[in-house]
Amino acid sequence: MAGAAAVVEGVYPRTVGRSYTLRTYGCQMNVHDSERMAGLLEAAGYARSDDPATADVVVLNTCAVRENADNKLYGNLGHLRPRKVANPGMQIAVGGCLAQKDRETIVRRAPWVDVVFGTHNVGALPVLLERARHNAAAQVEILEALEVFPSTLPARRESAYAGWVSISVGCNNTCTFCIVPSLRGTERDRRPGDVLAEVEALAAEGVLEVTLLGQNVNSYGVEFGDRGAFAKLLRACGDVPGLERVRFTSPHPRDFTSDVIAAMAQTPNVCPQLHMPLQSGSDRVLKAMRRSYRSARFLAILDEVRASIPDAAISTDIIVGFPGETDDDFAATLDVVAEARFASAFTFQYSPRPGTPAAAADQLPKAVVQERYERLVALQEEISWQQNRAQEGHTVEVLVATGEGRKDAATRRMSGRARDGRLVHFTPGERTVRPGDVVTVAVTYGAPHHLVADGPPLTHRRTRAGDAHAAGTRPGGPSTGLGLPGFGAPGPEPAVAGCAVGSGAVGSGAVGSGEGAR
Ligand code: SF4
Numbered sequence: 007m008a009g010a011a012a013v014v015e016g017v018y019p020r021t022v023g024r025s026y027t028l029r030t031y032g033c034q035m036n037v038h039d040s041e042r043m044a045g046l047l048e049a050a051g052y053a054r055s056d057d058p059a060t061a062d063v064v065v066l067n068t069c070a071v072r073e074n075a076d077n078k079l080y081g082n083l084g085h086l087r088p089r090k091v092a093n094p095g096m097q098i099a100v101g102g103c104l105a106q107k108d109r110e111t112i113v114r115r116a117p118w119v120d121v122v123f124g125t126h127n128v129g130a131l132p133v134l135l136e137r138a139r140h141n142a143a144a145q146v147e148i149l150e151a152l153e154v155f156p157s158t159l160p161a162r163r164e165s166a167y168a169g170w171v172s173i174s175v176g177c178n179n180t181c182t183f184c185i186v187p188s189l190r191g192t193e194r195d196r197r198p199g200d201v202l203a204e205v206e207a208l209a210a211e212g213v214l215e216v217t218l219l220g221q222n223v224n225s226y227g228v229e230f231g232d233r234g235a236f237a238k239l240l241r242a243c244g245d246v247p248g249l250e251r252v253r254f255t256s257p258h259p260r261d262f263t264s265d266v267i268a269a270m271a272q273t274p275n276v277c278p279q280l281h282m283p284l285q286s287g288s289d290r291v292l293k294a295m296r297r298s299y300r301s302a303r304f305l306a307i308l309d310e311v312r313a314s315i316p317d318a319a320i321s322t323d324i325i326v327g328f329p330g331e332t333d334d335d336f337a338a339t340l341d342v343v344a345e346a347r348f349a350s351a352f353t354f355q356y357s358p359r360p361g362t363p364a365a366a367a368d369q370l371p372k373a374v375v376q377e378r379y380e381r382l383v384a385l386q387e388e389i390s391w392q393q394n395r396a397q398e399g400h401t402v403e404v405l406v407a408t409g410e411g412r413k414d415a416a417t418r419r420m421s422g423r424a425r426d427g428r429l430v431h432f433t434p435g436e437r438t439v440r441p442g443d444v445v446t447v448a449v450t451y452g453a454p455h456h457l458v459a460d461g462p463p464l465t466h467r468r469t470r471a472g473d474a475h476a477a478g479t480r481p482g483g484p485s486t487g488l489g490l491p492g493f494g495a496p497g498p499e500p501a502v503a504g505c506a507v508g509s510g511a512v513g514s515g516a517v518g519s520g521e522g523a524r
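In the working numbering, the protein residues as written are 7 to 524.
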């Protein structure tokens, strides 16, 4: 492994006249990391390519938790090879979790790759590209631990109205199906003051919605000795001028505490939405997964959330067919799903992740898993549909988005998310509504996966985010603390005292309003 490339405060090698394109696979962590990679490349002088097929640099930000992830990576690299042969000056960089896992193997199997970098050294990308060009040799650099919190790097934000803000990276849990801890490392918490400064900077640029991001947001603060830090952070977000919506992903039932529920209920801009990964309704399977809560505790949390936030839309992740899952175990999952009444669920058929403990266990026959999966999906589909039908006639506030409705052009609708996270397709009629604007609409139809509002909007608020989207501008510039290590114990201030983010199973289907399909 080469030595760590230095990321000097705000200084990157200048590479003018070259274009780049980025392909992102996997979870929200990767999506946000890609915003950092794009920001770094643009800070270094690269321009985003209008035509990905002719870009000078292709960056693949990979995911290791999807089925056959490595086969897909080498398939993609194989497709890029003829371009590289025809244009040797073109560069290919592979980053993300699969790069962290496979390291030198990538350049051994695909020697036309120029750069391999991991999850802990995203900031090295421009330096490594430059070094690979200068030395005319592949550069592989993987660090074992985070040196610079990615949030300290420049970002090219994708959205003018909604932004991701990392509060932590890594995970201290050891779920037996998940490869995240070995690839993202143990949890590192960002200082509350730095998180808040980034939230404030986004809101000051007109961003209306922020999603706080961590593998397990409920353990935020453990690293610097404040178990109440996440609830305090939510409350502090409530005081950020202009910030209308705060979401977070993902909580962990083990660490979910009443102070967080109180903070959600009492902070008006925290949305009435909770994504709480169940994974299994069987206590025996939860134990085998090394998930330390039990189904009764999980349901008790939901009861407490609903007592404080009656309109909360609660979604979940469930794995079907974990090794050793019996008919009785699966029946227990169906029972919990029936009782929990999730608004939506991401359902996964278990498949082994190399390097995880569960991968070594005897696997269930595919036909058994498939049959259980279909029964679970049918049950959740019915529950989701009932809940969405109950929304008919209700007025909902929608933050208008782009890319949420595949059929919008044909139906002349626009789409966005209600405060509780439900996907809403609405008819703007004669109004000029822009992504980033806020409308209120009356729901006319509740479908299993979305709501429809076919009357004209009841209200339409033009926002600065809508202006920025229309103008093509995005929140930009480096975020707070550029060049300074931003994790660890908080400094003398601060103003405030997932685990589905890449959770590790596949064969997924979203059941309920969380999915964009129609
Ligand atoms: S599933 Fe979530 S909590 Fe469990 S190890 Fe993976 S990231 Fe951590």
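The beta carbon of each residue, even a glycine, is placed where N, CA and C say it ideally should be. Quantities reported herein were computed from a predicted structural model and do not represent experimental measurements.
Worksheet entry | Inter-residue spacing [alpha-carbon to alpha-carbon] between A474 and L305 | 42 angstroms
Discussion item. Let me make sure I understand the geometry here. Which of A61, F354 and T192 has the alpha-carbon closest to that of V71?
Written reply: F354
Practice prompt. Put G489 into one of helix, strand or coil per three-state DSSP.
Written response: At G489, the pLDDT of 27 sits below 50, so the modelled position is not reliable; the number obtained from the coordinates is stated separately. Three-state DSSP puts G489 in coil, outside helix and strand.
Worksheet item: Less than 8 angstroms between the CB of F352 and some heavy atom of the ligand SF4, yes or no?
Response: no
Item to complete: Flag V223 as yes when its Cβ comes closer than 8 angstroms to any non-hydrogen atom of the ligand SF4, and as no otherwise.
Response: no
Item to complete: Compute the minimum distance between the beta carbon of C103 and the heavy atoms of the ligand SF4, and state whether it is under 8 angstroms.
Response: no
Discussion item. Taking the straight line between their C-alpha atoms, what separation do you get for L405 and S350?
Written reply: 20 angstroms
Worksheet item: Can you tell me whether T125 is buried or exposed, with buried defined as 16 or more other CB within 10 angstroms of its CB?
Response: buried
Worksheet item: Relative to the alpha-carbon of L104, which residue among M96, N36 and A50 has its alpha-carbon at the smallest distance?
Response: It is N36.
Practice prompt. For F123, verify whether its CB is less than 8 angstroms away from any heavy atom of the ligand SF4.
Written response: no
Discussion item. For the ligand SF4, I want to know if R297 counts as a neighbour, meaning its beta carbon is within less than 8 angstroms of at least one of the ligand's heavy atoms.
Written reply: R297: yes, Cβ under 8 angstroms from the ligand SF4.
Worksheet item: Going by beta carbon distance, what residues of the same chain come within less than 7 angstroms of S264, once the five residues before and after it are set aside?
Response: E310
Worksheet item: What is the DSSP secondary structure of I324, reduced to helix, strand or coil?
Response: strand
Fill in: Three-state class that DSSP yields for S314 in the structure shown
Reduced to three states, the DSSP call for S314 is helix.
Fill in: R428 versus V447: straight-line alpha-carbon distance, rounded
13 angstroms
Worksheet item: Using DSSP with H/G/I as helix, E/B as strand and the rest coil, what is E403?
Response: E403: strand per DSSP, three-state reduction.
Practice prompt. Taking only heavy atoms of the ligand SF4 into account, decide whether any of them is closer than 8 angstroms to the Cβ of V228.
Written response: no
Worksheet item: If you drop the 5 nearest sequence neighbours on each side, which residues of the same chain put their C-beta closer than 6 angstroms to that of G234?
Response: Annotation for G234: D265 place their beta carbon closer than 6 angstroms to its own, counting only its chain and skipping 5 residues before and after.
Discussion item. Going by DSSP, what residue range makes up the beta strand (DSSP E) through F183?
Written reply: Looking at the DSSP string, F183 is not in any beta strand (DSSP E), and its letter there is neither H nor E.
Worksheet entry | Assumed close pair I173, G220 - CB separation to whole angstroms, cut-off 8 angstroms | 5 angstroms
Item to complete: Inspect the beta-carbon positions of S25 and A49 and report whether they are closer than 9 angstroms.
Response: Against a cut-off of 9 angstroms, the Cβ pair of A49 and S25 comes out as no contact.
Worksheet entry | Contiguous alpha helix (DSSP H) assignments of at least 4 residues, all confined to the stretch 315-388 | 333-346
Worksheet item: Enumerated in chain order, which unbroken segments of the beta strand (DSSP E) with a length of 3 residues or greater are wholly contained in the stretch 49-73?
Response: 63-68
Discussion item. Closer than 8 angstroms to a non-hydrogen atom of the ligand SF4 - does that hold for the CB of C184?
Written reply: yes
Discussion item. I need the straight-line Cα distance from R418 to V100, nearest angstrom please.
Written reply: Taking the straight line joining both Cα atoms gives about 39 angstroms.
Worksheet item: Can you tell me whether L464 is buried or exposed, with buried defined as 16 or more other CB within 10 angstroms of its CB?
Response: exposed
Worksheet entry | Length of the line joining the Cα atoms of T68 and T30 | 6 angstroms
Fill in: C-alpha gap between V22 and R54, whole angstroms
Using only the alpha carbons, I get a separation of about 12 angstroms.
Worksheet entry | One or two residues paired with G422 in a DSSP bridge | V406 and V430
Worksheet item: Helix or strand or just coil, what does DSSP make of Y31?
Response: Three-state DSSP puts Y31 in coil, outside helix and strand.
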